[in-house]
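Student: Got a structure for you, questions after.
Here is the structure:
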């Protein structure tokens, strides 16, 4: 290989793992997959993270103060036709309505983190999100405000937003492969809370429901749908039961809640029953 500083002089050949052309080629895909399996494990082991509360939801959801400011701005903006003005105001009103879910996720994450901090360090439960904005930011922000660390499992996409700033640097991960990212969501999860979201949220929660239903994972993982005014309209699982597409006992795989207090109390009770004894030690 030629030395750029001395065109007439050759340097030693590159080792395969130092060859970026090879490492980013289709031939090295299995190596990259293995790296995304192993490197996060090293980080989690270093930080003693064994248990997580996974928070799913829309990247579009805004904090309440930001949503209020955007609505006020939309009402002052007189540019465009009456229809365009009305549409801007309508979208800002929708953002304000959904901001309640941001604040609920933020509060729930904070309260679960405060509870976790009362446990022995090796037994703690950590908030885990997809690392981006919206509900993901609310989750990490709540944990941060409660004085705890949390995990962000980001994904590289052509249009993906920046990671939120509330994740400790060493626990702020970015994945290339969706399936490895999902593996890490499930591997450490002891419970999941699903806030209103779009296609990505549906993709994540249905895969998790399938893995729990088919017992590909045998651990106890409560799955909560937060906000029945949204979920019972867009996801009518009762129809699946009426048509015989799911079993009656499959209703036990998930639960609808509408308040932070209900979600918090249910999750703490479930974690205590299935993972902790009365003195905070691990069962089993």
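Numbering (the numbering used here), first residue to last: 1014 to 1297.
Note that CB positions come from ideal geometry on N, CA and C, so glycine has one too.
#1: Taking the alpha carbon of residue 1207 as the reference point, which residue from 1228, 1187, 1235 and 1227 has its own alpha carbon closest?
#2: As a quick exercise: from 1029, 1096, 1056 and 1072, pick the residue whose alpha carbon is nearest that of residue 955.
#3: Does the segment 1127-1134 come into contact with the segment 1096-1111, if we say contact requires no fewer than three beta-carbon pairs (one atom in each stretch) closer than 8 Å?
#4: Which whole runs of the alpha helix (DSSP H) in the segment 1024-1092 are 4 residues long or more, in chain order?
#5: When we look at the beta-carbon of residue 1293 and count the other beta-carbons within 10 Å, is it buried (16 or more) or exposed?
#6: Could you check the C-alpha separation between residue 1049 and residue 1174 for me, to the nearest Å?
#7: Looking at C-alpha atoms only, which residue of 1250, 1111 and 1180 is the closest neighbour of residue 1159?
#8: Which residue comes first and which comes last in the beta strand (DSSP E) that contains residue 1236?
#9: How should residue 1165 be labelled, buried or exposed, when 16 other C-beta atoms within 10 angstroms of its C-beta is the threshold for buried?
#10: Do you know how far the Cα of residue 1163 is from the Cα of residue 1154?
#11: How would you write the range of the beta strand (DSSP E) that residue 1190 sits in, first residue to last?
#12: For residue 1109, I'd like the list of residues in its chain whose CB is within less than 7 Å of its CB, leaving aside the five on either flank, ordered along the chain.
#13: Could you check what DSSP says for residue 1204 in three-state terms: helix, strand or coil?
#14: Please list, in chain order, all residues of the same chain as residue 1185 whose beta carbon is under 6 Å from its beta carbon, the five residues on each side excluded.
#15: Using the rule of at least 16 other Cβ atoms within 10 Å of the residue's Cβ for burial, across every protein chain shown, is residue 1237 buried or exposed?
#16: Using only the alpha-carbon positions, how far apart do residue 1146 and residue 1026 sit?
#17: For residue 1259, report the span of its beta strand (DSSP E) as first-last.
#18: Quick check: what's the CA-CA separation for residue 1263 versus residue 1143?
#19: Check each candidate in 1240, 1183, 1203 and 1249 and name the one with the smallest Cα separation from residue 1056.
#20: Exposed or buried, which one is residue 1286 when buried takes at least 16 other CB atoms within 10 Å?
#21: Over what stretch of residues does the alpha helix (DSSP H) that includes residue 1102 continue unbroken?
#22: Roughly how many whole angstroms lie between the Cα atoms of residue 1297 and residue 1135?
Tutor: Based on what the coordinates show:
#1: Looking at the Cα atoms, 1235 is the closest of the given residues.
#2: Past the boundaries of the shown model lies residue 955; the chain is included only from 1014 to 1297, so the question cannot be answered.
#3: Judged by Cβ distances under 8 Å, the segment 1127-1134 makes no contact with the segment 1096-1111, as fewer than three pairs qualify.
#4: Taken in chain order, the unbroken stretches of alpha helix (DSSP H) that lie wholly in the segment 1024-1092 and span 4 residues or more are 1033-1036, 1042-1060 and 1077-1089.
#5: A caution first: residue 1293 carries a pLDDT of 47, below 50, which makes its placement in the model unreliable, though a value can still be read off. Exposed is the call here.
#6: Looking at the two C-alpha atoms, the distance is approximately 21 Å.
#7: Of the listed residues, the one whose Cα sits closest to residue 1159 is 1180.
#8: For residue 1236, the uninterrupted beta strand (DSSP E) segment begins and ends at 1236-1239.
#9: With 16 or more other Cβ atoms within 10 Å, it is buried.
#10: Looking at the two C-alpha atoms, the distance is approximately 9 Å.
#11: That residue, residue 1190, is in no beta strand (DSSP E); it is neither H nor E in DSSP.
#12: Result list for residue 1109: 1080, 1081 and 1084, in chain order.
#13: Reduced to three states, the DSSP call for residue 1204 is strand.
#14: Contacts found: 1165 and 1176.
#15: So residue 1237 counts as buried.
#16: Whole-angstrom Cα-Cα distance: 43 Å.
#17: Neither: residue 1259 is in no beta strand (DSSP E) and is coded neither H nor E.
#18: Whole-angstrom Cα-Cα distance: 26 Å.
#19: Put simply, of 1240, 1183, 1203 and 1249 the residue whose alpha carbon is nearest the alpha carbon of residue 1056 is 1183.
#20: Its Cβ having fewer than 16 others within 10 Å, residue 1286 is exposed.
#21: Taken as a continuous stretch (DSSP letters only), the alpha helix (DSSP H) holding residue 1102 covers 1095-1129.
#22: Bear in mind that the predicted position of residue 1297 carries a pLDDT of just 46, short of 50, making it too unreliable to give a figure here.
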